[in-house]
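Report on the following structure.
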Amino acid sequence: ELGFLKQDMGNFKGHALPGSFFLLFGLWWSVKYPLKYVCRKNKNACYLGSRAGFQRLEFIEGIIKAVFALIGMIAEQFVPDGPHLKLYNYEEKHWDHLMNWQHATMYLFYGISGLVDVVAHGTNALPVALDRMMLSLAVFIEGFLFYYHIHGRDMLDFHVHQLLLVAIFGAALCILLEVFFRGSIVLEMLRTSLCILQGSWLWQIGFVLYPPNGRLEWNQMDHNNMMFLTMCYCWHYAFAFLILAVNYTIVSCLEQLSS
């Protein structure tokens, strides 16, 4: 949700912008991890084949993650109709813009994850595995907050967001396993696929709940729509695996041509 949003995700941009963020990271990882795997097998294939080369990438990723998280927190607080750091409205006696505060809290943990990446890969002050532990915690916090973010919504609205939680908690578990099985190409690619799924599904939610250009709206109470979107969710995941397969093939072919 990087950008100029309303107090909640109740618009198309509120889903498309964070979806783009996850897609960009997922697409980058879909190139990075096959490249890392290929370079590990043939260290002469690329400059990044050294451990130091990939540590630099992790360091840069940490900076980018922290910067985006900071931008997200500032945007959530200081958009024109945002809370402006006010948590409780004492005049009207109610919580003030809790949606924004929840989003800012999610960004806070991603920001901490980015800072841990920077310290862990830029110095020897922290165990390297702490980067995955903190990322797993950040993704879990996202899902934990998001779970209580969608209560009381219409049936279809609740369902499409519930499907999103599958990708979020699945990614959190996958990253936790990476703490103990670091460098596993299987876990890295699984995490990448779930990141792409989360990004593309956020776009899908935007088109379903807030169709642009005044297109025909979906019936929120039609069970057939739920069945179709559940199937559509599986298609999104198949598309994520297709992206992984294509990028892995391209990286492997380039490695063979350069060797």
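In my numbering, the protein residues as written are 1294 to 1552.
The beta-carbon is built from N, C-alpha and C at its ideal position, and this holds for glycine as well.
{"Check": "Whether L1495 touches L1457 by CB criterion (9 Å)", "Outcome": "yes"}
{"Check": "Best match in V1324, L1470, P1311, A1460 for proximity to E1369 [C-alpha to C-alpha]", "Outcome": "P1311"}
{"Check": "Neighbourhood of G1499 by C-beta distance below 6 Å, restricted to the same chain and skipping five residues each side", "Outcome": "F1305, H1308, A1309"}
{"Check": "CA-to-CA distance, F1439 to L1487, given in whole angstroms", "Outcome": "17 Å"}
{"Check": "Local conformation of Y1383 per DSSP, three classes", "Outcome": "coil"}
{"Check": "Nearest residue (CA-CA) to Y1330, options G1492, Q1491, S1477", "Outcome": "S1477"}
{"Check": "Bounding residues of the alpha helix (DSSP H) (the contiguous stretch that carries H1377)", "Outcome": "Careful: H1377 lies outside any alpha helix (DSSP H) and carries neither H nor E."}
{"Check": "Residue burial classification, H1529 (beta-carbon count within 10 angstroms, cutoff 16)", "Outcome": "buried"}
{"Check": "Residue range of the unbroken alpha helix (DSSP H) whose run includes R1475", "Outcome": "It is not in any alpha helix (DSSP H) - R1475 carries neither H nor E in the DSSP assignment."}
{"Check": "Close-in-space but distant-in-sequence residues of the same chain around L1490 (CB under 7 Å, 5 per side omitted)", "Outcome": "A1460, H1529, Y1530, A1533"}
{"Check": "Bridge partners - W1388, DSSP secondary structure assignment", "Outcome": "Y1381"}
{"Check": "Unbroken stretches of the alpha helix (DSSP H), 4 residues or longer, contained in the segment 1444-1517", "Outcome": "1448-1473, 1478-1502"}
{"Check": "Distance, N1506 Cα to N1408 Cα", "Outcome": "The sequence shown places Leu at residue 1408, rather than the Asn named in the question. Between L1408 and N1506, the C-alpha separation is close to 40 Å."}
{"Check": "Backbone CA spacing between D1374 and M1448 [nearest angstrom]", "Outcome": "28 Å"}
{"Check": "Option nearest P1376 by Cα separation, candidates K1386, Y1383, H1390, I1364", "Outcome": "H1390"}
{"Check": "Host alpha helix (DSSP H) of Y1440 (start-end)", "Outcome": "1423-1440"}
{"Check": "Simplified DSSP assignment, three categories, for A1413", "Outcome": "helix"}
{"Check": "Endpoints, alpha helix (DSSP H) assigned at A1368", "Outcome": "1344-1371"}
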